[in-house]
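Take the sequence shown: its letters are residues -2 to 133, numbered as in the numbering used here.
For every residue, glycine included, the Cβ atom is placed at its ideal position computed from N, Cα and C.
Predicted, not measured: the structure shown is a model, and the values here were computed from it.
Heads up, the thing below is written out as structure tokens.
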Amino acid sequence: MTRRRLWVVGLLMAVAVGLILFEGLGNATVYFKTADEAVHDRASMGTRRFRIEGTVVDGSVKSTTDGAAFRIENNGVVVPVVHHGDPPELFKPNIPVVLEGHWQGTTYDSDLIMVKHTEQYRAKHPTRVQDYPQSK
């Protein structure tokens, strides 16, 4: 092979690897939006998967046969959510959550709930835990 032919083959391989990486990373990217941003961009997003953040509206959580239905809110914008699967233990009203899913009409169809919480740990029953005697 001539030197020029090797250079062309190398260039084509580099372009092919670049395109594969670009496509793979582009398809693996999950966008993150707040509830108000997601509603604003709903038409352009179609049914593409993304993450949405909001606070669970008090009194909106209802159990369904497939999971839960509830509403989230951010900056005065409320989004109805249908979640498939069991919500995590820490899931409850008035807490911030990040959901993963897609738009199904005007409802957000979720299959993953991530509860946002602080890194501070508070014992549920702090008086139950006594100083444990050190063994010698």
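* Give the range of the beta strand (DSSP E) segment to which residue 106 is assigned. => 104 to 112
* Can you tell me which of 88, 112, 114, 97 puts its alpha carbon nearest to the alpha carbon of residue 35? => 97
* residue 20, buried or exposed, once every other Cβ within 10 Å from all chains shown has been counted against 16 -> exposed
* To do: Taking 8 Å as the cut-off, decide whether the C-beta atoms of residue 104 and residue 77 are in contact.
  => yes
* Counting only the same chain and skipping the five closest in sequence on each side, list residues whose C-beta sits under 7 Å from that of residue 55. => Answer for residue 55: 90, 91, listed in chain order.
* Measure the alpha-carbon distance for residue 65 versus residue 5 and round it to whole angstroms. => Whole-angstrom Cα-Cα distance: 56 Å.
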